[in-house]
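Trainee:
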Amino acid sequence: LKTIPILFLTFLFSAEIPVFGYRTTTTSTSAKISSNNLISNDLNVAFNSTFINIPEEKVVEVFNHNDNQIYLTQDDLNLMAKIVYAESKGEPYEGKVAVASVILNRVLSPGFPNSIRDVILQPNAFSCVVNGEISVTPTEECYNAVYEAIKGNDPTNEALFFYNPSI
1 LKTIPILFLT FLFSAEIPVF GYRTTTTSTS AKISSNNLIS NDLNVAFNST
51 FINIPEEKVV EVFNHNDNQI YLTQDDLNLM AKIVYAESKG EPYEGKVAVA
101 SVILNRVLSP GFPNSIRDVI LQPNAFSCVV NGEISVTPTE ECYNAVYEAI
151 KGNDPTNEAL FFYNPSI
């Protein structure tokens, strides 16, 4: 099982993202982190506190289960959720997690660009980008699938490609 240390830039909405034994609740200016296993960074974080304030320009580093590092912004999460929505219409939740996992697997692979945005916008990488179906409003389930993949749940077993056998 791979893990990915993740850097989250500030979020415009509230979301709970369980990551490696602790839960992170993020909003535009704050993150609520349970006190166990809190990782320190360059912010002034009290280890006995369950709430920290994060200025807009700062990032918080949280870890799940891997030694690789991916940097995510809110735009990356939104873009991933749009891809999940457009590429997995009608698929069960596991299929949505699989789409998000393939994106993360590509970022970690030396044969692909090393950012979420560049992987998604790579020419002909995703049909919904090619045909313009990426201009969608993703559902909460799509965001949850993205968070599930970020936590390290990869139903594809590190696949770099996917296809829908019903097409």
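Residue numbers for the sequence shown follow the UniProt record's numbering, so the first one is 1 and each next one is one higher. By construction, the Cβ of each residue, glycine as well, lies at the ideal position given by its N, Cα and C atoms.
#1: Kindly indicate which residue of I83, D75 and N157 has the alpha-carbon position closest to the one of V130.
#2: Among the residues of its own chain, which have a CB less than 7 Å from the CB of K96, if the five just before and after it don't count?
#3: Let me confirm a value: P110 is counted as buried when at least 16 other C-beta atoms fall within 10 Å, else exposed. Which label applies?
#4: Just the C-alpha distance for L77 and A86, rounded to the nearest angstrom, thanks.
#5: For N105, which residues from the same chain have a beta carbon less than 8 Å from its beta carbon, with the 5 sequence-adjacent residues on both sides left out?
#6: Out of A100, T137 and G132, which one is the CA nearest neighbour of V119?
Mentor: Per the coordinate set shown:
#1: Here residue 130 refers to the residue found at position 130 of the sequence shown. The residue with the shortest Cα to Cα distance from V130 is I83.
#2: As a working mapping, residue 96 is identified with position 96 in the sequence shown. Closer than 7 Å at the Cβ level, and outside the excluded window around K96, lie V84, S88, E141, C142 and A145.
#3: Here residue 110 refers to the residue found at position 110 of the sequence shown. Label assigned to P110: exposed.
#4: As a first step, residue 77 is located in the sequence shown; it is residue number 77 there, counting from the start. As a first step, residue 86 is located in the sequence shown; it is residue number 86 there, counting from the start. Straight-line Cα distance between these residues: approximately 14 Å.
#5: For this step, residue 105 is matched to residue 105 along the sequence shown. Within the same chain, N105 has close Cβ partners D154, T156, E158, A159 and L160.
#6: The residue given as residue 119 occupies position 119 in the sequence shown. Checked all of A100, T137 and G132; the closest Cα to V119 is A100.
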